[in-house]
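For the protein sequence lines, the chains are A and B, in the order given. When the letters of the first sequence are read in order and numbered with the working numbering, they come out as residues 1 to 142. When the letters of the second sequence are read in order and numbered with the working numbering, they come out as residues 1 to 169. Quick notes on the structure that follows.
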Amino acid sequence: MSIGPIEGGQDVELNLAPIIDAFTVLIAFMLVSASFLAVGVLDAGVAAGGKATDKAKPPAITLHLHLQADQKIRLETTGQQTVKLTLTSEDELKGQLNKLKTRFPDVKTAILSADDAVAYEDVIKEMAVIRASFPGVLLGGF
Amino acid sequence: MMRRFGKKKKAKPSTGDVSLNITAMADIFTIILVFLLKSYSTSAVSVSPSAGTTLPGADATPPEYETLKIEVGEKAVIVENTTAATLVDRKFASTDLDEKRVSRSLNAVLAKERKRQEIISRANADVKNDGKVMIMADKKTPYQTLKTVLASAAVNGFTDFKLVVVKNE
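Following this line, the structure appears as structure tokens:
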């Protein structure tokens, strides 16, 4: 039953040219249609808009952050604690947000607005910092 | 040694029958194909900003499903691949804005899109009319322009914004 070497066999060579042709077309198609950009989305709402719930309990504090054109951040809270601060660095902002988060763990949202001249990139950067402490960011200022 | 370097090899007599060895080429192509298949984006949502639009970077979650797309470029605001409003220096023309700082031209396009969504959701229960909208804005867009886009979307019931960013590695 064992299969031994075939005696008198012919030298058969696989024709690779059509395979190469197919591969070239496939690679060209994939290179054209492929998206190498990994995109994601950041959720944001409007500060004054959307569906309102009648029975919703108002949060302990309302946190409002305003990004100024000079890159300073104005932090204001109203409610159980009133705070008005002007922050100059991201670390300062992180520290203040962590303090507020520790004191009011039930608060989940913050309102972010910016001066007209502030670039979208800077708004996104601040959003990312805020989201680390307050996952819900509402865009305001309009 | 010197004699060896100095020696010229004798040229082989040409047979005229030249065949290209394409086995190695096939191997390379297979590897490239496997790499491309692996890195091919399998996301159900196709997000492709126009040339010239650079998205900002941030840590974000991948988009889950298709929604209405608004792109804010350098010269225009594009809604679903159709130019809805033109921008001058990345800003809306003052004549295009109403007293609530809503763009008239963008508002008209978004109102049409909203109506279309309502008709589709009435006919097909699986399609939700949930007010979600994807915003693809260039990273240099001033907040003033973004505010107008958001306000124009909000007055038409699009209040759940998905800001598209490039994921940080």
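For glycine and all other residues, C-beta sits at the position ideal for the given N, C-alpha and C.
request  = State buried or exposed for A:Gln71, treating a residue as buried only when at least 16 other CB atoms are found within 10 Å of its CB.
outcome  = exposed
query = Cα separation between B:Lys162 and A:Ala44?
reply = 6 Å
task = Identify the continuous beta strand (DSSP E) that holds A:Arg74 and give its terminal residues.
result = Ile73 to Gly79
task = Report the partner residues of A:Ile111 according to the DSSP bridge assignment.
result = A:His64 and A:Leu138
query = What does A:Leu26 pair with, by DSSP beta-bridge criteria?
reply = Looking at the DSSP assignment, A:Leu26 forms no beta bridge with any residue, so it has no partner.
inquiry  = Using 8 Å as the cut-off, can you tell me whether the segment 89-107 of chain B makes contact with the segment 135-152 of chain B, which would need three or more C-beta pairs spanning the two stretches below that distance?
reply    = yes
ask   = Considering only C-alpha positions, which residue in the set B:Asp126, B:Ala125 and B:Val72 is nearest to B:Val165?
value = B:Val72
query = So, is A:Val118 buried or exposed, given that buried needs 16 or more other C-beta atoms within 10 angstroms?
reply = buried
message = Output needed for A:Thr78: all residues of its chain with C-beta closer than 8 Å, excluding positions within five of it in sequence on either side, in chain order.
response = Ile61, Thr62 and His64
key: Top-ranked residue by Cα proximity to B:Gly131, from B:Asn156, B:Thr61, B:Arg90 and B:Thr95   = B:Asn156
query = At a CB-CB cut-off below 8 Å, which residues of chain B make contact with A:Gly136?
reply = Going along chain B, no residue has its Cβ under 8 Å from A:Gly136, so there is no contact; the nearest lies around 12 Å.
request  = Would you list the one or two residues that DSSP bridges to B:Thr83?
outcome  = B:Ile78
query = Looking at the structure shown, is A:Ser89 part of a helix, part of a strand, or coil, going by DSSP?
reply = coil
Inter-residue CB distance, A:Leu67 and A:Asp115 (contact presumed, cutoff 8 Å) = 7 Å
inquiry  = Once the 5 residues before and after B:Lys91 are set aside, which same chain residues still bring their CB inside 8 Å of it?
reply    = Pro142, Gln144 and Thr145
inquiry  = Buried or exposed, going by whether 16 or more other CB atoms sit within 10 Å of the CB of A:Gly141?
reply    = buried
ask   = Quick one, are the C-beta atoms of A:Ala38 and A:Leu138 less than 8 Å apart?
value = no
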